[in-house]
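Here the sequence shown stands for residues 1 to 232, numbered as in our numbering.
For every residue, glycine included, the Cβ atom is placed at its ideal position computed from N, Cα and C.
Please read all numbers here as calculations on a predicted model, not as lab measurements.
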Amino acid sequence: MASGAMEFHIITLFPEMFESPFRGGMTGRAIEQGIIIVKPHHLRPFGLGNYKQVDDQPYGGGSGMVMRPEPIAAALDAVMSEHPGLWRILMTPQGTPLMQEKVRELAGRKPGLLLLAGRYEGVDERVRAMVDEEISIGDYVLSGGELPAMVLIEAVARLQPGVLGNPASIEEESFSADLLEYPQYTRPEEFRGVRVPEILLSGDHGKIRTWRENQARRRTEERRPDLLKRGK
Ligand code: 4GX
Numbered sequence: 001m002a003s004g005a006m007e008f009h010i011i012t013l014f015p016e017m018f019e020s021p022f023r024g025g026m027t028g029r030a031i032e033q034g035i036i037i038v039k040p041h042h043l044r045p046f047g048l049g050n051y052k053q054v055d056d057q058p059y060g061g062g063s064g065m066v067m068r069p070e071p072i073a074a075a076l077d078a079v080m081s082e083h084p085g086l087w088r089i090l091m092t093p094q095g096t097p098l099m100q101e102k103v104r105e106l107a108g109r110k111p112g113l114l115l116l117a118g119r120y121e122g123v124d125e126r127v128r129a130m131v132d133e134e135i136s137i138g139d140y141v142l143s144g145g146e147l148p149a150m151v152l153i154e155a156v157a158r159l160q161p162g163v164l165g166n167p168a169s170i171e172e173e174s175f176s177a178d179l180l181e182y183p184q185y186t187r188p189e190e191f192r193g194v195r196v197p198e199i200l201l202s203g204d205h206g207k208i209r210t211w212r213e214n215q216a217r218r219r220t221e222e223r224r225p226d227l228l229k230r231g232k
């Protein structure tokens with residue numbers, strides 16, 4: 001055995017959300033093969049009182065509810081004592097933006113990740129001290145951290161050895177991570193009057209490679225110049 005499955009634990013009020021998205025496709029197969037483990041942990045049993053309360057009104061007033069720290073602390077402690085060494089991440093719009101470089105870094109965080117997927121308007125500020133990192137999947141507001149957690153899991157899972165069908169494409173991917181993809185074509189040679197560029201039919205792999213590099217650069221300049229400026 002090499003190093004064991006990469007584990008993805010999630011603390012959530014909606015554990016059932018994590019069922020169907022991970023059934024089919026690459027991640028589903030990776031779970032079946034034991035390459036990755038996805039395990040939601042319900043926050044509700046750690047709630048306070050007979051009503052298992054997990055939220056409360058914000059001190060100082062204001063609209064919306066805030067997640068209380070005690071249930072989250074108890075859930076984190078419970079998962080961490082069963083699964084030591086997990087890297088704890090809070091999903092939040094206030095976190096570090098998730099980009100492929102961060103995804104690669106997280107893919108190496110064995111034995112795995114513990115994702116905190118919150119609801120309501122946010123979490124009590126004291127929760128931040130209980131995690132290792134805060135991550136955002138983008139500058140828009142969702143209703144909960146579950147979809148962000150799933151996005152992160154899928155991005156990290158597909159980098160685990162054996163998940164992606166073709167290991168060569170990982171290499172290509174990291175090579176082109178700072179560029180947009182070049183245009184791709186498959187059959188037929190002509191569709192609705194639009195022909196596949198002749199060069200792709202030429203069999204000249206040197207020319208094809210150069211064409212693709214140029215297309216990728218041009219497309220990136222036009223659509224995402226920020227990617228070129230950021231390039232390391
Ligand atoms: N990328 N949300 C989290 C509740 C919340 C707010 C603040 C902790 C602190 C999001 C995103 C996102 C909505 C998840 C609000 N929890 N998460 N949730 N964009 O919009 O990660």
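Annotation: Thr-12 to Ser-63 spans about 22 angstroms, alpha carbon to alpha carbon. Beyond the five residues adjoining it in sequence on each side, Ala-107 comes within less than 6 angstroms, by CB distance, of Val-156, Leu-159 in the same chain, given in chain order.
For the pair Leu-76 and Leu-114, the CB atoms are nearer than the 9 angstroms cut-off. Per DSSP, reduced to three states, the secondary structure at Met-26 is helical.
Per the C-alpha coordinates, the member of Phe-8, Ser-20, Glu-19 positioned closest to Ile-35 is Phe-8. When Cβ pairs closer than 8 angstroms are counted between the two stretches, the stretch 47-60 is seen not to touch the stretch 98-105, the count staying below three.
Taking 9 angstroms as the cut-off, the Cβ atoms of Arg-128 and Glu-121 do not count as close. Minimum Cα-Cα distance from Glu-70 among the listed residues Leu-48, Leu-86, Pro-148 corresponds to Leu-48.
Distance from the CA atom of Met-6 to the CA atom of Gly-138, rounded to whole angstroms, is 24 angstroms.
Of the candidates Gly-193, Arg-195, Pro-161, Asn-214, the residue whose Cα lies closest to the Cα of Gly-4 is Pro-161. Rounded to whole angstroms, the Cβ separation of Leu-180 and Ala-216 is 6 angstroms, and the two are in contact under 8 angstroms. A heavy atom of ligand 1 is found nearer than 8 angstroms to the CB of Ala-117.
In the DSSP assignment, the residues bridged to Gln-53 are Leu-48. Per the coordinates, the alpha-carbon of Ala-74 lies some 32 angstroms from the alpha-carbon of Gly-24. For Gln-33, the closest alpha carbon among the candidates Pro-97, Phe-22, His-41, Pro-40 is that of Phe-22. Per DSSP, Val-127 is not a residue of any alpha helix (DSSP H), being assigned neither H nor E.
Per DSSP, the unbroken alpha helix (DSSP H) holding Thr-220 starts and ends at 205-223.
Counting the other CB atoms within 10 Å of its CB gives Arg-223 a total below 16, which places it among the exposed residues. Under DSSP, Met-67 forms a beta bridge with Asp-55, Val-123.
DSSP places Pro-148 within a helical segment (H, G or I) once states are collapsed to three. Counting every other CB atom within 10 Å of its CB across the protein chains shown gives Glu-198 a total below 16, marking it as exposed. Looking at the DSSP output, His-83 shares a beta bridge with no other residue.
Here the C-alpha atom of Thr-92 lies approximately 14 angstroms from the C-alpha atom of Met-130.
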